[in-house]
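**Q**
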Amino acid sequence: MEQNEILSHAHELPKIPKVIREMMELVNDPEVELQELARTISMEQVVSARVIRLANSAHFSRGKGVSSVDQAVVRLGLEPLKTLIIASSLVSAFPYVEVIDLEEFWQETFEVAILSKAIAQSCDVNPNAAFTAGMLHNIGDLMIYTVMADQVPTIFEKMETGSSKVSAQRSTIGTDSAILGSKLAESWSFSDELVFAISEQYEPKIDNIYSPLAATVRLANAINRHWDELVTMDAKSVWLSEQIEADILSVDGSITEKVDAVKGSGIEMARLVM
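To convert, count from 1 in the sequence shown and add 261; that's my numbering.
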């Protein structure tokens with residue numbers, strides 16, 4: 262099946278409502294105010310419920326429960342609220358996918374998103390944009406799982422015998438999830454910066470042009486795969502020095518501590534919003 266034919270099936274995918282797209286764009290606006298976010302959140306019932314649930318969770322609870330979005334946003338503060346909006350929006354768009362363990366998929370997605378944000382806090386990348394890119398980076402995979410479910414076993418078999426995910430996808434369906442994901446994000450009216458980051462996530466340098474967001478997500482994926490194998494701080498520092506993305510981003514010395522502080526929290530966050 263050709264790429265254009267696959268994309269022609271985009272109508273089979275869940276739609277991200279306009280109000281959710283607006284929320285996801287608002288969270289990346291450095292000038293956004295709590296009141297504006299609260300008004301937008303109140304227009305979407307599922308996200309509103311999750312915001313209130315998070316505000317009443319053990320991490321944020323201050324003894325007395327909250328029952329309204331206005332109360333919840335004051336308790337949470339801007340940064341946790343932004344993170345929850347992005348995460349909840351994507352989960353709501355894909356409530357069920359038959360060919361994969363969706364809970365495991367979202368746990369890994371949240372982990373990459375949280376790591377992307379930690380990396381961004383160690384360099385000159387917008388942390389909220391990095392989290393959004395992390396949440397969106399594998400929507401092309403969701404497109405394949407949803408539209409081409411019959412081809413997924415073949416892709417997985419090739420990966421099990423040593424092929425990379427990109428090679429397995431390209432040899433099976435003629436394209437890959439980065440290309441499909443970028444086209445899907447574009448059709449959902451996400452920013453050009455995010456669309457470019459998704460398209461470049463496997464190859465963050467193209468004709469001497471690179472996307473810092475793509476490099477951030479790529480490094481986050483690598484950290485997610487290898488960090489637990491690195492026992493000492495020295496081992497982590499050496500490993501980071503060998504990553505081209507860390508060099509591209511000019512990450513500072515705080516990255517190791519920032520990653521250690523959040524590693525594993527993606528699983529907890531996925532459980533909270535699913």
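Heads up, the beta-carbon is just placed ideally off N, CA and C, and yes, glycines get one too. Model, not experiment: these values are computed from the prediction.
Helix, strand or coil, according to DSSP, for residue 325 in the structure here?
**A** Here residue 325 refers to the residue found at position 64 when the sequence shown is read from its first residue. Here residue 325 sits in strand by DSSP.
**Q** Mind checking residue 490: buried by the 16 CB within 10 Å criterion, or exposed?
**A** Translated into the one-based positions of the sequence shown, residue 490 becomes position 229. Around the beta carbon of residue 490, fewer than 16 other beta carbons sit within 10 angstroms, so the residue counts as exposed.
**Q** Count the other CB atoms within 10 Å of the CB of residue 311; is the residue buried (16 or more) or exposed (fewer)?
**A** For the purposes of this step, residue 311 is taken as residue 50 along the sequence shown, with counting starting at 1. Its Cβ being crowded by 16 or more others within 10 Å, residue 311 is buried.
**Q** As a quick exercise: from 283, 523, 472, 500, pick the residue whose alpha carbon is nearest that of residue 386.
**A** Counted from its first residue, the sequence shown places residue 386 at position 125. The option with the nearest alpha carbon to residue 386 is 472.
**Q** Cutting at 6 Å between CB atoms, please list the residues of its own chain near residue 531, excluding the five before and the five after it.
**A** Locating residue 531 in the sequence shown gives position 270, where the first residue counts as 1. 367, 368, 371.
**Q** Any idea if residue 357 is buried or exposed, counting beta-carbon neighbours within 10 angstroms, 16 or more meaning buried?
**A** Within the sequence shown, the letter at position 96 stands for residue 357. Flag for residue 357 reads exposed.
**Q** Of the choices 393, 457, 517, whose alpha-carbon is the least far from that of residue 499?
**A** What you label residue 499 is simply residue 238 of the sequence shown in a count that begins at 1. Per the Cα distances, 517.
**Q** What residue range is occupied by the uninterrupted alpha helix (DSSP H) comprising residue 366?
**A** Taking the sequence shown and counting its residues from 1, the one referred to as residue 366 is at position 105. Annotation: the continuous alpha helix (DSSP H) that includes residue 366 extends over 363-381.
**Q** Please confirm whether residue 506 and residue 522 have their CB atoms less than 9 Å apart.
**A** Position 245 of the sequence shown, counted from the start, is the residue given in the question as residue 506. Position 261 of the sequence shown, counted from the start, is the residue given in the question as residue 522. Not in contact: residue 506 and residue 522 (Cβ atoms no closer than 9 Å).
**Q** Could you tell me the distance, in whole angstroms, from the CA atom of residue 445 to the CA atom of residue 318?
**A** Within the sequence shown, numbered from 1, the residue matching residue 445 stands at position 184. Within the sequence shown, numbered from 1, the residue matching residue 318 stands at position 57. Their Cα atoms are separated by approximately 34 Å.
**Q** Quick one: what's got a C-beta closer than 8 Å to residue 390's C-beta in the same chain, skipping five residues either side?
**A** On the sequence shown, residue 390 is found 129 positions in, with the first residue counted as 1. So the qualifying residues of the chain are 289, 381, 454, 455, 474.
**Q** Distance, Cα to Cα, residue 397 vs residue 477?
**A** Sequence index remark: in the sequence shown, residue 397 carries index 136 (1-based). Sequence index remark: in the sequence shown, residue 477 carries index 216 (1-based). Cα to Cα, residue 397 sits roughly 13 Å from residue 477.
**Q** Could you give the C-beta distance for residue 333 and residue 313, rounded to a whole number, given that I count them as a contact under 8 Å?
**A** Residue 333 sits at position 72 when you count from the first residue of the sequence shown. Residue 313 sits at position 52 when you count from the first residue of the sequence shown. Yes, residue 333 and residue 313 are in contact; Cβ-Cβ is about 5 Å, under 8 Å.
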